[in-house]
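J.:
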Ligand SMILES: Cc1ncc(COP(=O)(O)OP(=O)(O)O)c(N)n1
Ligand SMILES: Cc1ncsc1CCOP(=O)(O)O
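Numbering (full-length UniProt numbering), first residue to last: 1 to 408.
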């Protein structure tokens, strides 16, 4: 693993709590400014703390937060995130991240709860933990934000003690894992290794149900499944999606729905895959919440960058090779795939015309961020899905181990 930080100092200047209580007085400000901030890799003040550090400057808008982030950066930390939880309720929850050059507005849905004690410390701790795992700063901040948002959502209705504000529950993942034994929580990019994408037309042609097709793909080694049922009627699709959810989750395999956010919500699938002309990923993220997986189809560096800004988890890049499965789909080729992979901040799965004969060439490009291949016809437009999935899995494993040998 390539560690970006040998040691990192994450400073949460705990001075004013989310509830407005003053936790540290003005006497500490000089030490913060002169001693701590110049050493910090990142500081994570809320609006009141940023205001106090800047001599009680009023911070009421996102534009004020940008100016504050810049001024705080001049005090020495390498990165600043000004947390906007205290902005008026009518606005989205926006945090402003500044790396000394560029500003990023990190938006999330506003979760209505009084249980907010501990959010600031947990965000800072989670950033530190991500840095320790080898992450660079902005991805670490994004993971931490998602974690806090999910924990807030999980614990929004918990009633503890007598105070008006309670703590949020930051060990929710252990609990939710216990409740749903096989269901994976969060997104693991290695799941993209062998991505099976169904097709209603192909199942019809071979006289198969979606559930039988999904079962066979999983048995053959598929690591993630997407239901891409373009012609399915909604009621039937929902019933099939619910059944596929059960099958996938009993095997610990994530199930995504193509395009249909309504179906994904109704069957509690693990997420969705959307294209450039579908629901924007940022809206999908707001609708689905922080925990669901969102994939976006991208052919260009700009689209990949936008997907990342919008809060996607991975991108699907292609068509790598010509295909009959998707009409009028521009082919980007291996070179286009490499270009997007190198620029992407998100993991990538290659798609389009991929089969057991060419999957090795795709994986052996060993380009950064490429985690696997997504395949429709090479699995589902075949007589035996199980055999074809096994064959493809073997090819991918060989390619992955050859790549590993080459790089060591
Ligand atoms: C993994 C993956 N990558 C790309 C696509 C294509 O999605 P989209 O651009 O929305 O096109 P349709 O699949 O809707 O025809 C995908 N489905 N999965
Ligand atoms: C959905 C999609 N998006 C880009 S190419 C493609 C079709 C992939 O199907 P196949 O694996 O049969 O080429």
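For every residue, glycine included, the Cβ atom is placed at its ideal position computed from N, Cα and C.
#1: Which of helix, strand or coil does DSSP assign to residue 395?
#2: For residue 235 and residue 263, I'd like the C-alpha separation in whole angstroms.
#3: Please indicate yes or no: does the CB of residue 258 lie closer than 6 Å to some heavy atom of ligand 1?
#4: In whole angstroms, what is the alpha-carbon distance linking residue 315 and residue 341?
#5: Does the Cβ of residue 360 lie closer than 6 Å to at least one heavy atom of ligand 2?
#6: Would you tell me roughly how many angstroms separate the C-alpha atoms of residue 179 and residue 388, rounded to the nearest one?
#7: With DSSP as the reference, identify every bridge partner of residue 83, one or two as the case may be.
#8: Rounded to whole angstroms, what's the CA-CA distance from residue 265 to residue 288? Just pull it up for me.
#9: Closest by CA to residue 98, which one among 337, 118, 41 and 34?
#10: Relative to the C-alpha of residue 404, which candidate in 307, 381, 117 and 366 has its C-alpha closest?
#11: Identify whether residue 167 lies in helix, strand or coil by the three-state DSSP scheme.
#12: To the nearest angstrom, how far is the alpha carbon of residue 182 from that of residue 251?
#13: Can the beta-carbon of residue 113 be found closer than 7 Å to that of residue 156?
#14: With a CB to CB cut of under 7 Å and the five nearest residues on each side skipped, what residues in its chain are close to residue 354?
#15: Any heavy atom of ligand 2 closer than 6 Å to the Cβ of residue 220?
#16: With respect to the beta strand (DSSP E) encompassing residue 93, which residues constitute its N-terminal and C-terminal limits?
#17: From residue 59 to residue 397, what distance separates their C-alpha atoms?
#18: Taking a contact to mean a Cβ-Cβ separation below 7 Å, would you say residue 196 touches residue 217 in this structure?
#19: Return the Cβ separation of residue 194 and residue 221 in integer angstroms, given the expectation that the two are a contact with Cβ distance under 8 Å.
#20: May I ask whether a heavy atom of ligand 1 can be found less than 6 Å away from the beta carbon of residue 294?
#21: Can you round the beta-carbon distance between residue 211 and residue 243 to whole angstroms, since I take them to be within the 8 Å contact cut?
#22: Do the segment 329-337 and the segment 126-134 touch if we need at least three Cβ pairs shorter than 8 Å?
#23: For the beta strand (DSSP E) containing residue 321, list its first residue and its last residue.
#24: Can you tell me whether DSSP reads residue 179 as helix, strand or coil?
#25: I'd like the span of the beta strand (DSSP E) that includes residue 348, first residue to last.
#26: Could you tell me which of 169, 102 and 107 sits nearest to residue 78, measuring between CA atoms?
#27: Please find out if some non-hydrogen atom of ligand 1 comes closer than 6 Å to the beta-carbon of residue 146.
#28: What first and last residue would you give for the alpha helix (DSSP H) that runs through residue 37?
#29: Based on DSSP bridge pairs, tell me the residues matched to residue 226.
#30: When the Cα of residue 384 is compared with those of 246, 170 and 203, which residue comes out closest?
#31: Ligand 1 heavy atoms versus the CB of residue 170: any closer than 6 Å?
#32: In angstroms, rounded to a whole number, what distance separates the CA positions of residue 324 and residue 330?
#33: When the Cα of residue 228 is compared with those of 167, 200 and 253, which residue comes out closest?
#34: Per DSSP, which one or two residues make a beta bridge with residue 147?
#35: Excluding the 5 residues flanking residue 13 on each side, which residues of the same chain have their C-beta closer than 7 Å to its C-beta?
T.: So, from the data block:
#1: If DSSP states are grouped into helix, strand and coil, residue 395 belongs with the helices.
#2: Between residue 235 and residue 263, the C-alpha separation is close to 9 Å.
#3: Of the heavy atoms belonging to ligand 1, at least one sits nearer than 6 Å to the Cβ of residue 258.
#4: Rounded to the nearest angstrom, the two C-alpha atoms are 9 Å apart.
#5: Flag unset: Cβ of residue 360 not near ligand 2.
#6: Only weak support is given to the placement of residue 179: the predicted model assigns it a pLDDT of 45, under 50, and the question is left unresolved by the model.
#7: In DSSP, residue 83 forms a bridge with 46.
#8: Those two C-alpha atoms are separated by around 7 Å.
#9: Closest by alpha carbon: 41.
#10: Comparing alpha carbon positions, the residue from 307, 381, 117 and 366 closest to residue 404 is 366.
#11: If DSSP states are grouped into helix, strand and coil, residue 167 belongs with the strands.
#12: Residue placement at residue 182 is flagged as unreliable, the pLDDT there being 48, under the threshold of 50; the coordinate-derived value follows with that caveat. Residue 182 and residue 251: Cα-Cα distance of roughly 7 Å.
#13: Result yes, Cβ atoms of residue 113 and residue 156 sit closer than 7 Å.
#14: Scanning its chain for C-beta atoms nearer than 7 Å, with the 5 sequence neighbours on each side dropped, one finds around residue 354 the residues 320, 321, 362, 373, 375 and 378, in chain order.
#15: Every heavy atom of ligand 2 is 6 Å or more from the Cβ of residue 220, so no.
#16: Counted as a single uninterrupted DSSP element, the beta strand (DSSP E) harbouring residue 93 occupies residues 93-98.
#17: Residue 59 and residue 397: Cα-Cα distance of roughly 53 Å.
#18: Going by C-beta atoms, residue 196 is nearer than 7 Å to residue 217.
#19: Their Cβ separation, rounded to whole angstroms, is 6 Å, which keeps residue 194 and residue 221 in contact under 8 Å.
#20: The answer is no for residue 294.
#21: Contact holds; Cβ gap of about 5 Å.
#22: Contact between the segment 329-337 and the segment 126-134 is absent: fewer than 3 CB-CB pairs across the two stretches fall below 8 Å.
#23: No beta strand (DSSP E) contains residue 321, which DSSP labels as neither H nor E.
#24: Note that residue 179 has pLDDT 45, beneath the 50 cutoff, so the model's placement of it is unreliable and the number below is only indicative. In the structure shown, residue 179 sits in a helix (DSSP, three-state: H, G or I).
#25: Residue 348 -> beta strand (DSSP E) spans 348-351.
#26: The residue with the shortest Cα to Cα distance from residue 78 is 102.
#27: No; taking the cut-off as 6 Å, the Cβ of residue 146 has no heavy atom of ligand 1 nearer than that.
#28: No alpha helix (DSSP H) holds residue 37; DSSP gives it neither H nor E.
#29: DSSP output for residue 226 lists 197 and 256 as bridge partner(s).
#30: Checked all of 246, 170 and 203; the closest Cα to residue 384 is 203.
#31: Annotation for residue 170 indicates a beta carbon at 6 Å or more from all heavy atoms of ligand 1.
#32: Those two C-alpha atoms are separated by around 12 Å.
#33: Nearest C-alpha to residue 228: 200.
#34: In the DSSP output, where bridge partners are listed per residue, residue 147 has none listed.
#35: For residue 13, the CB contacts under 7 Å within the same chain, skipping 5 residues up- and downstream, are 32, 43, 45, 49 and 53 in chain order.
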